[in-house]
Amino acid sequence: MVDASKPLYVFYGSQTGCAESIAERLQSDAIERNINCPEVRPLDAFEKSGVLQAANATVVIVCSTTGNGDPPGNAEKFWRFIKKRAHPATLLANLEFTVLGLGDTNYDKFCHMGKSIFRRMKDLGAVSFYDLGCADEAMGLEDSVEPWIDGFWPALVGVISSSQPPAPSATAPTPVDAVVSLVQAMDTVSLAPSLPSLPYLTSFTNMFGTATQVPDTAKLPRLAEPSFAVSLLAPTDAIAATVAQVATDTLYSAASPFPATIAAARYLTTPASADRQVLALDLDISGSGATYVPGDVVGINCPNDAAVVDYLIQRLQLSAFQHHRVQIAPVASAKKKVAGMPFPPSATLRDIFSTQLDLAALPKKATLRGLAVHCLDADERARLFKEGAADFKRFVDDQYLSIPEVLALFQSCHPPLDVMLSLVPRLSPRYYSVASSPLVAPSHVTVAFTVVRYTQHGVPRTGLCSTWLHALAQPLLAGATSSATVPLFFKPATDFVLPEDPELPLVLVGPGTGVAPFVGFLQHRAAQNATTPMHLFFGCRRRDHDFLFQEELEQFAATGTLTSLAVAFSRAKEEKHYVQHDVVRDGAVVYRRLALENGRVYVCGDGMHMAKDVHEALVSVFETHGGLTRDEADARLKQLTAEMRYVRDIWC
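Residues in the sequence shown are numbered from 4 upward in steps of one, following the numbering used here.
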């Protein structure tokens with residue numbers, strides 16, 4: 004059994020920030036349990052962390068899988084290190100470890116990196132104290148991560164009760180005493196304006212009634228220890244810091260994006276499709292020096308909604324300081340070390356809330372527990388701390404509450420600024436497929452996106468980035484001019500790229516906005532005067548509603564760039580008709596291109612249903628036209644995947 008007195012080393016391999024967020028949660032929960040957990044590190048810091056030199060060490064790794072079973076960017080060095088054949092079989096004999104892999108069952112190599120790391124560490128002598136976890140994004144990470152974490156702690160410390168924090172002494176102030184002292188020193192302010200969503204939200208009392216079960220004081224978390232030190236400077240004070248120029252070989256990044264002007268905007272849907280709007284933006288990148296190829300994606304840094312920022316600043320009683328510049332640095336003595344990019348060296352407090360913190364994020368249970376200790380009202384403190392996955396899911400998940408909305412519903416909660424900075428996750432870029440070719444417009448890049456609007460249990464919701472971009476584009480959509488800019492950078496594709504040989508046949512399957520990268524593919528091949536057979540399977544609801552890029556696609560078909568264009572209109576008839584039905588209908592051509600002519604098939608779009616249905620259609624095609632059994636057909640598709648001839652870019 005793992006000794007709870009030993010330090011717990013937490014490492015992550017993360018491409019989008021999800022694995023990093025789970026690793027940070029494990030650290031927070033460990034600290035609440037009085038487990039020594041000094042720092043969360045990327046896997047590439049494994050060798051220099053001291054874990055190899057420790058007499059005995061306990062390690063937990065959270066790692067996602069990218070591309071065709073590849074490690075994330077911050078785990079590549081680690082993977083190269085541990086898979087070296089020259090290592091002795093006892094290299095990691097001092098480690099007790101476990102691994103949580105993150106993956107997507109739409110891809111053949113599900114959780115490949117998590118499984119590979121787990122297996123290789125055992126080969127090198129490490130002892131597993133808890134089973135490998137494999138979380139499936141296609142089915143919802145929460146559903147598989149939560150049970151794994153629930154079993155992780157008993158495996159780590161034996162019995163959870165043995166690692167609970169000791170009861171406070173008679174002379175020491177309790178966390179609540181500390182909060183009272185802090186809040187009594189604050190001025191009382193009005194809490195208008197309110198959040199736009201507030202009238203639609205259901206309070207905890209209305210959902211669960213007035214009865215409150217007082218939590219066991221032994222289970223209450225300690226007062227959250229901030230991870231950051233914050234210094235507020237006068238608005239005119241200069242900060243002695245400069246932002247280093249990004250090297251030209253890496254050009255722009257999330258930390259240093261290029262401000263691209265919106266050159267043009269147009270709706271790809273018609274007014275008849277009022278419930279679903281898709282927009283295309285042409286972004287001017289002239290003067291940036293940046294290059295891209297079809298298949299790449301554009302990362303866009305978007306700000307939080309201004310009304311939400313206004314509310315939170317006033318709710319935290321920071322209005323008088325919102326235009327002051329701030330210096331934010333990790334606390335060297337904090338038990339919870341900070342991973343990820345540092346805060347900007349020169350920014351106002353309002354800038355931090357607007358561009359650095361994800362105010363729309365769904366709070367984790369650990370975040371709610373961290374807020375609970377800052378509630379003055381005992382009932383609110385107990386309700387916010389209320390345990391139980393069902394209650395948490397019903398109250399927070401079903402309404403998709405954000406942290407500002409939680410604060411609006413729990414008015415006695417007054418977390419200090421440094422605690423807020425430690426609890427709220429960082430705002431991540433949003434990614435969109437490139438829908439253009441540099442051979443056609445080298446100084447511009449086109450992206451297409453759905454303007455996200457939906458209702459979550461009666462609460463109207465909108466997409467953060469799509470709503471912001473839609474608002475920026477309004478002058479251009481109305482026929483006026485605009486100088487609005489969008490901070491962007493390019494993320495190169497690893498496998499979702501055109502083959503070097505322009506004459507290889509291509510089968511493209513992309514319903515909805517999944518067609519966007521294929522517009523770039525087609526532009527590129529047309530500019531190359533390629534004669535390769537190209538077949539596009541596109542799907543939408545109705546021809547007169549959402550036939551995206553209709554003019555371009557029909558022109559490609561008319562000029563011969565597209566050998567065939569199959570469009571499935573799912574709502575045109577009583578019986579639903581989707582892209583997979585057309586793939587089966589044209590199975591003879593699809594089979595010939597893929598099995599006999601060394602062609603490629605690309606699938607882009609929804610991973611919850613479409614990708615699975617298209618895969619089943621391809622299996623059927625190989626069965627019918629190749630005379631194969633189902634197992635043989637599936638094996639052929641796996642072989643195509645390994646050869647990077649069956650490539651998918653899908654999202655859930």
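Even glycine gets a Cβ: it sits at the ideal position worked out from N, Cα and C.
| Asked | Found |
| --- | --- |
| Closest residue to L201 among T69, E557, S405 and E50 (Cα-Cα distance) | S405 |
| Straight-line Cα distance separating V427 from P419 | 12 angstroms |
| C-alpha distance - R328 paired with P490, whole-angstrom precision | 21 angstroms |
| Coil, strand or helix - A620 by DSSP | helix |
| Limits of the unbroken beta strand (DSSP E) element including T465 | V462 to T465 |
| Y12, enclosing beta strand (DSSP E) - first and last residue | L11 to G16 |
| Burial state of G461, where buried means 16 or more other Cβ atoms lie within 10 Å | exposed |
| Close beta carbons around E50, own chain, < 7 angstroms, minus the five adjacent residues each side | F84 |
| Stretch-stretch touch, CB-based, cutoff 8 angstroms, three pairs: the segment 593-605 with the segment 623-638 | yes |
| A332: CB within 8 angstroms of a non-hydrogen atom of the ligand NAD | As for the ligand NAD, it is missing from this structure, which has no ligand bound. |
| Runs of alpha helix (DSSP H) lying entirely within the segment 461-548, each at least 4 residues, in chain order | 467-480 and 519-530 |
| Residue from G523, V592, S567 and V582 with nearest C-alpha to F541 | V582 |
| Cβ-Cβ distance between Y403 and R456 below 9 angstroms | no |
| Inter-residue CB distance, V448 and I288 (contact presumed, cutoff 8 angstroms) | 6 angstroms |
| Simplified DSSP state of I64, which is helix, strand or coil | strand |
| Separation of N37 from V233, as counted between CA atoms | 26 angstroms |
| Stretch-stretch touch, CB-based, cutoff 8 angstroms, three pairs: the segment 117-125 with the segment 612-624 | no |
| Euclidean distance between Cα positions of D637 and A571 | 25 angstroms |
| Cβ-based burial, G76 [other Cβ within 10 Å; buried from 16] | exposed |
| C378, enclosing beta strand (DSSP E) - first and last residue | No beta strand (DSSP E) holds C378; DSSP gives it neither H nor E. |
| Local conformation of D32 per DSSP, three classes | helix |
| Cα-Cα separation, P238 to S349 | 11 angstroms |
| Segment contact, 8 angstroms Cβ cut-off, at least three pairs: the segment 27-35 with the segment 355-371 | yes |
| A603 - DSSP class collapsed to helix/strand/coil | One point to set straight first is that residue 603 is Arg, not Ala, in the sequence displayed. Looking at R603 - three-state DSSP - the assignment turns out to be strand. |
| Neighbour flag for F388 against chain C, beta carbons, 9 angstroms | In summary, chain C is missing from the structure at hand, where a single protein chain is found. |
| Beta-carbon proximity list for C607, same chain, < 6 angstroms, skipping 5 on both sides | G513, G517, P520 and D652 |
| Per-residue DSSP class, three states only, for E99 | strand |
| Nearest-angstrom Cα separation, counted from Q359 out to F492 | 17 angstroms |
| From I331, V510, V587 and D380, residue whose alpha carbon lies closest to that of V422 | I331 |
| The segment 495-513 in contact with the segment 61-77 per 3-pair CB rule at 8 angstroms | yes |
| Straight-line Cα distance separating E27 from D308 | 26 angstroms |
| Other residues of its chain near W471: CB distance less than 7 angstroms, five sequence neighbours each side excluded | C305 and P306 |
| Nearest-angstrom Cα separation, counted from P495 out to A138 | 26 angstroms |
| Exposed unless 16 or more other CB atoms sit within 10 angstroms - verdict on Q642 | exposed |
| Contacting residues, own chain, Cβ-Cβ under 8 angstroms from L565 (five flanking each side not counted) | L525, M537, H538, L539, L556 and F559 |
| Counted within 10 angstroms of its Cβ, other Cβ atoms place A363 as buried (16 or more) or exposed | buried |
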